[in-house]
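Data first, discussion second: the structure below is written as structure tokens.
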Amino acid sequence: MNELVASFEKQFRGGARIQAALRSPAEGFSVTVLFGPSGSGKTTILRCLAGLEVPEQGSIQFAGQTWFDSGTRTNLPPQGRGVGYLFQQYALFPHRTVAQNIAYGIVGERAAAQARVATLIEQFELTGLQNRFPKELSGGQQQRVALARAIACQPKLLLLDEPLSALDQTLRQNVRSQLRRWLKQCAAPTVMVTHDRDDAMALGDRIVILDGGQILQQGPLAEVFAHPSNETVAKIVGVETIVAGRIVGRQDGVAQIAVNAAILWAAASDHSTDRVLVCIRGEDVVLNRSAENAGSIRNRLRGKVVSISLEGALARVTVDCGLMLAATITRPACEELELRAGAEVYALIKATAIHVVPD
Amino acid sequence: MDWNAAWLTCKLAGATTAVLFALGLPLAVWLSRTKWRGRFVVEAAVALPLVLPPTVLGFYFLQFAGPHGFFGRAFERLTGEILPFSFLGILLASIVCNIPFAVRPFATALSAVDPSLIEASWCLGVSRWKTFWSVTASLAWPGILAGIVLTFAHTVGEFGVVLMVGGNLRGVTRTLSISLYDEVQAMDYDRANATAAALLIFSFVVLGVTYGLNQGKARAR
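Line order of the protein sequences matches chains A and B.
First residue of the first sequence? That's 493 in this note's numbering, and the numbers climb one at a time after it.
First residue of the second sequence? That's 48 in this note's numbering, and the numbers climb one at a time after it.
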């Protein structure tokens, strides 16, 4: 009962067609992330939930209340849904001050409203900026005002459209950790759209994977990231290595998989087919100069470094060990191992870190 | 200067502006938001009086609202009066003439308002009507004001259609621009000079104030 249950279709004149069937908690704190590449229909789904876009077919129920039903021609306007919506570019009213923006939707007694605004201004670290206009604020401050305004009327559901995309990279990392704390404080269930994997991992509890207007998989975040249901989901959630293989043997729930010239061991439940795709995430691959002291690690592959690309504190190393394997390690580790193109290394992967999906 | 004509001109311009504000604003709101494919037809119809000679408009107005026209006969049956050579007649004609001067600036200003601001207001529980006044119109007011001023000023200077529909009846349809025409015909150049100068100064002051307000607004943004 206390769930958001949405199942609808939206067809755009240009031809794009969005199909959504999703469930998400409607009470207490939780963050559901709509995740997918741009153009996958994430924002459209969010706008349909808010009532800003009307689907052609289907229904949206929130905690037992019908927000939309094409069968009974019910369509609650945005004003009646009690949602808080954070727009990608914040949509602050340029002709109103910070305090006036936050107070805009609050109804009721003047004194109570003022007290609420004062609380929010303190909570969102906006003290001293009450009388500024939006254009006099930094990006981070604007975002906090927009969030304060969205939660000022105590929404039943918070909808965030790419909440961090308008911020620069350094600020983004700081805000990412704060945002979850703020959302927790306001204790409303949240649905958030993002195409950034780090945002999704840092903020989400549940995740809905979208591509081309379709929902491909949904569930608890860790589960979806660890066990993508097919190749497209694996690519979207950022599994770096996806290769085709063939199961050549099974032993005590561990499958022996032939991939090109290499043999991999993977903890795989039974599959109807022997043709499989092997998914390995870059951070699950350990690189070492020798295969000794590998302990419980079942897969010890000898190979040559093909390329190294440095990204901030991380190094992405491609190793040819019969299959092309992508490993994500820290930069100091890369220097310590004196890795360079052509160097010989061992790639170590636990059998439980290799995920197998039917091809 | 003919003060009687000056008063009549003000009355005509004021009434035209009031009617076009009340009717033109909803039309402009619709034009600025609709995604209907046939919108261009309405836009072209709205802009038509800009390029059409006022005499053409006046001619069709007489055909339609004159004693033999469909609307004119219905009006006569209902009220016992005829529209040509009456104040109501020139008012209706001048409203039609001035549609683009009101609706176009209104629509331009309204469509410049970021739609996500309007949606943000709706999501905060504020009704469409209240959102229009507190967000859309509040942000678009320089353009709306420009439309009002242009309509008023353009009605003051209207000549052809008023003459076609209203003729030249003192106290009924003789506006300032028509009295100027009369004065020149009568070779009364002193009076003509006063009337022409008054119209020139009025027009310049009105436009100066409008552009000044818009420039000040632009700097404040």
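C-beta: ideal position from N, C-alpha, C; glycine also.
No experiment lies behind these values; they were computed from the predicted model shown.
- request: Could you give the DSSP three-state label for Leu544 (chain A): helix, strand or coil?
  value: Shown here, Leu544 (chain A) sits in coil according to DSSP, grouped into three states, outside any helix or strand.
field: Presumed contact (8 Å Cβ cut-off) between Ile537 (chain A) and Leu526 (chain A), rounded CB distance
entry: In this structure Ile537 (chain A) is in contact with Leu526 (chain A), their Cβ atoms being roughly 6 Å apart against a cut-off of 8 Å.
- prompt: Under 7 Å between C-beta atoms, does Trp169 (chain B) make it to chain A?
  reply: Residue-level contact check: Trp169 (chain B) touches chain A, since one or more beta carbons of chain A fall below 7 Å from its beta carbon.
- request: Could you tell me whether any Cβ in chain B is nearer than 7 Å to the Cβ of Gly631 (chain A)?
  value: No, its Cβ sits nowhere closer than 7 Å to a Cβ of chain B.
Separation of Ala786 (chain A) from Gly631 (chain A), as counted between CA atoms: Spanning the alpha carbons of Gly631 (chain A) and Ala786 (chain A) requires a straight line of approximately 48 Å.
field: Gln503 (chain A) versus Asp561 (chain A) - alpha carbon distance
entry: When only Cα atoms are considered, Gln503 (chain A) and Asp561 (chain A) end up about 16 Å apart.
message: Under 8 Å: do the stretch 764-771 of chain A and the stretch 729-745 of chain A share three or more Cβ pairs, one atom per stretch?
response: The answer is yes - the stretch 729-745 of chain A touches the stretch 764-771 of chain A, with three or more Cβ pairs under 8 Å.
- prompt: What residue does the alpha helix (DSSP H) around Pro162 (chain B) start on, and which one ends it?
  reply: DSSP places Pro162 (chain B) in the uninterrupted alpha helix (DSSP H) bounded by 162-170.
query: How is the alpha helix (DSSP H) around His201 (chain B) delimited, first residue to last?
result: Note, His201 (chain B): alpha helix (DSSP H), 184-203.
- prompt: Is the shortest distance between the beta-carbon of Gln635 (chain A) and the beta-carbons of chain B less than 7 Å?
  reply: In terms of beta-carbon proximity, Gln635 (chain A) stays away from the interface with chain B, with every pair separated by 7 Å or more.
- prompt: If you draw a straight line from the alpha carbon of Ala154 (chain B) to that of Ile191 (chain B), how long is it in whole angstroms?
  reply: Using only the alpha carbons, I get a separation of about 9 Å.
query: For the 8 Å Cβ check, are there 3 or more pairs between the stretch 532-547 of chain A and the stretch 162-173 of chain B?
result: With the cut-off at 8 Å, the stretch 532-547 of chain A and the stretch 162-173 of chain B touch.
message: I want to see whether chain A comes within less than 7 Å of Leu164 (chain B), judged by CB atoms only; does it?
response: For Leu164 (chain B), the answer is yes, since a Cβ of chain A falls inside 7 Å of its Cβ.
task: Count the other CB atoms, across all protein chains shown, that sit within 10 Å of the CB of Lys534 (chain A); report buried if there are 16 or more and exposed otherwise.
output: Lys534 (chain A) should be labelled buried.
- request: Using alpha carbons as the reference points, say which of B:Val203, B:Phe134, B:Asn261 lies closest to Ala60 (chain B).
  value: Sorting B:Val203, B:Phe134, B:Asn261 by C-alpha distance to the C-alpha of Ala60 (chain B) places B:Val203 at the top.
- request: From the DSSP output, read off the bridge partner residues of Phe132 (chain B).
  value: Paired residues: none, contrary to the question.
- prompt: Hey, which unbroken runs of the alpha helix (DSSP H) at 4 residues or more fall wholly within the stretch 656-690 of chain A?
  reply: Within the stretch 656-690 of chain A, the complete alpha helix (DSSP H) runs of at least 4 residues are 661-678.
query: Among A:Ala555, A:Gly506, A:Glu501, A:Ser499, which one has its Cα closest to the Cα of Pro517 (chain A)?
result: When A:Ala555, A:Gly506, A:Glu501, A:Ser499 are compared, the shortest CA-CA separation from Pro517 (chain A) is found for A:Ala555.
- prompt: Does any residue of chain A bring its CB to less than 7 Å from the CB of Ser158 (chain B)?
  reply: For Ser158 (chain B), not one C-beta of chain A is nearer than 7 Å to its own C-beta.
- prompt: In chain A, what lies closer than 9 Å to Ser250 (chain B) by C-beta?
  reply: Those do not exist, as Ser250 (chain B) stays about 31 Å from chain A at its closest Cβ, beyond 9 Å.
task: Please report the residue range of the alpha helix (DSSP H) in which Val212 (chain B) lies.
output: Where Val212 (chain B) is concerned, the enclosing alpha helix (DSSP H) stretches over 207-213.
message: Could you give the first and the last residue of the continuous alpha helix (DSSP H) run that contains Ile728 (chain A)?
response: Segment 723-728, the alpha helix (DSSP H) holding Ile728 (chain A).
- prompt: Relative to the alpha-carbon of Val849 (chain A), which residue among A:Thr558, A:Arg608, A:Ile772, A:Ser530 has its alpha-carbon at the smallest distance?
  reply: Residue A:Ile772 is the option with its Cα nearest to Val849 (chain A).
query: Using a C-beta to C-beta distance shorter than 9 Å, which residues of chain A count as neighbours of Leu186 (chain B)?
result: Chain-order list of chain A residues neighbouring Leu186 (chain B): Phe585, Pro586, His587, by C-beta distance under 9 Å.
message: Against chain A, does Gly172 (chain B) count as a neighbour if the rule is that its beta carbon must be under 7 Å from one of theirs?
response: Yes, because at least one Cβ of chain A sits closer than 7 Å to the Cβ of Gly172 (chain B).
- prompt: Which parts of the stretch 541-597 of chain A are runs of the beta strand (DSSP E), unbroken and 3 residues or longer, counting only runs that do not cross its ends?
  reply: For the stretch 541-597 of chain A, the full-length beta strand (DSSP E) segments reaching 3 residues or more read 549-554, 557-561, 575-578 along the chain.
For Met816 (chain A): DSSP bridge partner residues: Beta-bridge pairing links Met816 (chain A) to A:Asp812.
field: Residues near Thr63 (chain B) by beta carbon distance below 6 Å, same chain, minus five either side
entry: Hits under 6 Å: Ser141, Ile142, Asn145, Thr202.
task: Any chance you could list the beta strand (DSSP E) runs of at least 3 consecutive residues sitting entirely within the stretch 733-799 of chain A, in chain order?
output: If one requires a minimum length of 3 residues, the beta strand (DSSP E) runs lying completely within the stretch 733-799 of chain A are 733-743, 746-751, 754-759, 767-772, 778-780, in chain order.
task: Indicate the three-state DSSP secondary structure (helix, strand or coil) for Glu90 (chain B) in the structure shown.
output: Of the three classes helix, strand and coil, the one that applies to Glu90 (chain B) here is helix, per DSSP.
- prompt: Would you call Thr566 (chain A) buried or exposed, if buried means 16 or more other Cβ atoms sit within 10 Å of its Cβ?
  reply: By the Cβ-count criterion, Thr566 (chain A) is exposed, with fewer than 16 other Cβ atoms from all chains shown falling within 10 Å of its own Cβ.
- prompt: When the Cα of Ala52 (chain B) is compared with those of B:Ile129, B:Leu74, B:Ala75, B:Phe134, which residue comes out closest?
  reply: If we check each option's Cα against that of Ala52 (chain B), B:Phe134 comes out closest.
query: Whose CA, out of A:Glu803, A:Gly814, A:Val778, lies closest to the CA of Leu829 (chain A)?
result: It is A:Val778 whose Cα lies nearest to the Cα of Leu829 (chain A).
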